[in-house]
Structures are given as C-alpha cells and as structure tokens.
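Q: Just so it is clear: in the sequence shown, position 141 is 141 by full-length UniProt numbering, and no numbers are missing.
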Amino acid sequence: KSSLTIQFVEGQFVDSYDPTIENTFTKLITVNGQEYHLQLVDTAGQDEYSIFPQTYSIDINGYILVYSVTSIKSFEVIKVIHGKLLDMVGKVQIPIMLVGNKKDLHMERVISYEEGKALAESWNAAFLESSAKENQTAVDVFKRIILEAEKIDGAASQGKSSCSVSLGSWDSIRYPEKQTNKKTVRVSLQPGKKNAAGHGH
C-alpha cells in the first residue's frame, strides 16, 4: 500500500519501506475537469487486533481498504478492518473502496478477481485491482475514490474546493476549507501487519 502511494505520487516503484512510520504526501490530480489537491497520510500498519484512533473518522469522506492478492491472511484481515471501520463511523454513509494490490504477481496470486469483487459488492463498495509497478492502476485507485465520494456528497460538494481522503489497509476522504477552483483531498493510507517485513507492491 505504501508502494502504491509512492507510485501514484512520485511515479516510481519502491519495493521496501518501514510500515511503522507515518508519512505524508501531496499530489495534484484532475478528475472530470476538477483539480484536486491530495494530501496523503500513509499511517503506521494495522492488523486485526489494532484499535482505530478516533481521529481516523474526523472529516473523512471516503475509505480505501487494501489487501494483497498474494495473501489469504491480508484478505481475511481486511474483513476485520472493514468491520472495525463500520463500528467507528457508525451509520454515516461514507464511500468505501476495496483494492486488491499486487495484481502483477500472477504466479503468487491466491485471491481471485472474482473473490475480491464479490467481497466489495457485499459491502456495497467500489472495487479495483492494482499494481504498485503500474502507474496507471495507482492513478485509477485515487481517481475512483474521489468519484465515489463525489457521488455520495453530490450537490453538497458543488462550490466546495477541498476534499480529504484516507487510504491504505483502509482510507478516507475529507472536505475542509474552500478555495476557488481547486479541491483539496486528504488521503490516509494504512497497511496490514502482514507487511511488517517491509516488502510489498
């Protein structure tokens, strides 16, 4: 998930990182003619035993949950994280997107596209597969969550210039201060403990 973020922001593939460190990135992106200023917060790793800080639910407009298609464990953990996420946000309608990462590792795949899509549909969530080695799939992930957030926000977002997104093992989007022609999107990324070894796409 961190590799996916770096591919999106910097256009390069990084195979290793420290999952215990929180990093912040910024990126300008245009979606349907609207310019967004993305602030991406790559948080420390979460696992099925982690407790979400309440700050992860403040001013968030959408979440991206990321698992590895090469790991059954990550697929199971993401279900637990989704449940905790719902407990945290309550009955507020917030878009959730499920992303199956490492789709380029065909020989190591253990979670099929159909399994990921079925899980996303059971959550009423958007679904994409991605690879941190392929810039376009990384871009597609961030564009999609913005569109999902705009769908729910609808007319209320007209005239708003900022949007925050949180991303990773789960992610989110917010709409803070207004600007003239630009929207600000804050994205917070969160990996599962499965990446504790520091390797991932």
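Even for Gly, the Cβ is constructed at its ideal location relative to N, Cα and C.
1. At what residues does the beta strand (DSSP E) containing I111 begin and finish?
2. Hey, which unbroken runs of the beta strand (DSSP E) at 3 residues or more fall wholly within the stretch 64-135?
3. Please report the straight-line C-alpha distance between S71 and V110, rounded to a whole angstrom.
4. By how many angstroms is the C-alpha of Q93 removed from the C-alpha of V80?
5. For the pair the stretch 84-91 and the stretch 111-119, tell me if three or more CB-CB distances fall below 8 angstroms.
6. Can you find the residues in the same chain that come closer than 6 angstroms, C-beta to C-beta, to K143, ignoring five residues on each side of it along the sequence?
7. So which of I29, L65 and M107 has the shortest CA-CA distance to residue 238?
8. Tell me the rounded alpha-carbon separation between K102 and Q136.
9. Please look up how many angstroms separate the CB atoms of S130 and A138, rounded, as I've assumed it's under 8 angstroms.
10. Quick check: the Cα distance between Y36 and L147, rounded to an integer number of angstroms?
11. Exposed or buried, what is E150 when buried is set at 16 or more other beta-carbons lying within 10 Å of its beta-carbon?
12. Between Y63, D140 and G100, which lies nearest to V69 when the distance is taken from Cα to Cα?
13. Can you tell me whether H82 is buried or exposed? The criterion is at least 16 other CB atoms within 10 Å of its CB, across all chains shown.
14. Just how far apart, CA to CA, sit K133 and L28?
15. Is there at least one Cβ from chain C nearer than 8 angstroms to V80's Cβ?
A: With the given structure in hand:
1. It is not in any beta strand (DSSP E) - I111 carries neither H nor E in the DSSP assignment.
2. Those beta strand (DSSP E) runs which fall completely within the stretch 64-135 and span 3+ residues are 96-101 and 126-129.
3. The alpha-carbon atoms of S71 and V110 are separated by roughly 6 angstroms.
4. Looking at the two C-alpha atoms, the distance is approximately 19 angstroms.
5. Touching, no.
6. Cβ neighbours of K143 beyond the five flanking positions: V31.
7. Summary: the structure shown does not reach residue 238, with the chain confined to residues 1 through 201, and so no result is reported for it.
8. One C-alpha to the other measures close to 13 angstroms.
9. Sure, about 6 angstroms apart at Cβ, within 8 angstroms.
10. The alpha-carbon separation between Y36 and L147 amounts to approximately 11 angstroms.
11. Flag for E150 reads buried.
12. Looking at the Cα atoms, G100 is the closest of the given residues.
13. The residue in question, H82, is buried, as its Cβ has 16 or more Cβ neighbours within 10 Å.
14. Rounded to the nearest angstrom, the two C-alpha atoms are 20 angstroms apart.
15. The structure shown has no chain C; it contains just one protein chain.
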